[in-house]
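Visitor: Next up is a structure, given as structure tokens.
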Amino acid sequence: MTPEERAAFGIEGDWPVWRRHRVRWSECDALGHANNTAYLTLCEDLRVGPGWTALGGSFAPGGVSPVVAQIEARYRRALLFEEEAMVTLRFAAVKRTSFVHDYAVWKDGLCFSCRTVLVAVRQDTGERVPVPPPIRAAMLAAGAQDEAG
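So the sequence shown is numbered by full-length UniProt numbering: it starts at 1 and just counts up by one.
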């Protein structure tokens, strides 16, 4: 992300993953405000793309994938139809079988923040398994705290 983008959206802190997003009508309520679930979907888009598959993960049968175990969201300011925002992700922590992502949506400063606790599971059995070593290493390299104990 460029310094100009950081300034234009009012982004604070370090965010190794980001994506621009223009609010679509399908994400809005009747008054043109982005619906609460739209923010969660924006976070999901980063979680499954840059937050998992880009790190070497997949969603193939028999593979290991992330499942949301806990989510905490804070809505600060509404986004409106056709506004452009920046959605960001950072890797907060990695434990043995789980990890934590922080997300934020920015438009003239912080509009929304979210934290998820995700568990690594086998696609075919749902069994909790260790976070795959290459994904663990990538999250740690991107700033996650090692909380494996």
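Glycine is no exception: its CB is placed at the ideal position from the N, C-alpha and C atoms.
In or out: residue 88 buried (at least 16 other Cβ within 10 Å) or exposed?
Guide: buried
Visitor: Do residue 144 and residue 91 come within 7 Å of each other at the CB atom, strictly closer than that value?
Guide: yes
Visitor: Contact between the segment 38–49 and the segment 14–28: three or more CB pairs below 8 Å?
Guide: yes
Visitor: Measuring only the C-alpha atoms, how far is residue 83 from residue 112?
Guide: 14 Å
Visitor: Anyone know if the C-beta pair for residue 95 and residue 148 falls short of 7 Å?
Guide: Cβ distance < 7 Å, so residue 95 and residue 148 count as in contact.
Visitor: Verify whether the separation of the beta carbon atoms of residue 55 and residue 138 is less than 7 Å.
Guide: yes
Visitor: Excluding the 5 residues flanking residue 15 on each side, which residues of the same chain have their C-beta closer than 6 Å to its C-beta?
Guide: 88 and 90
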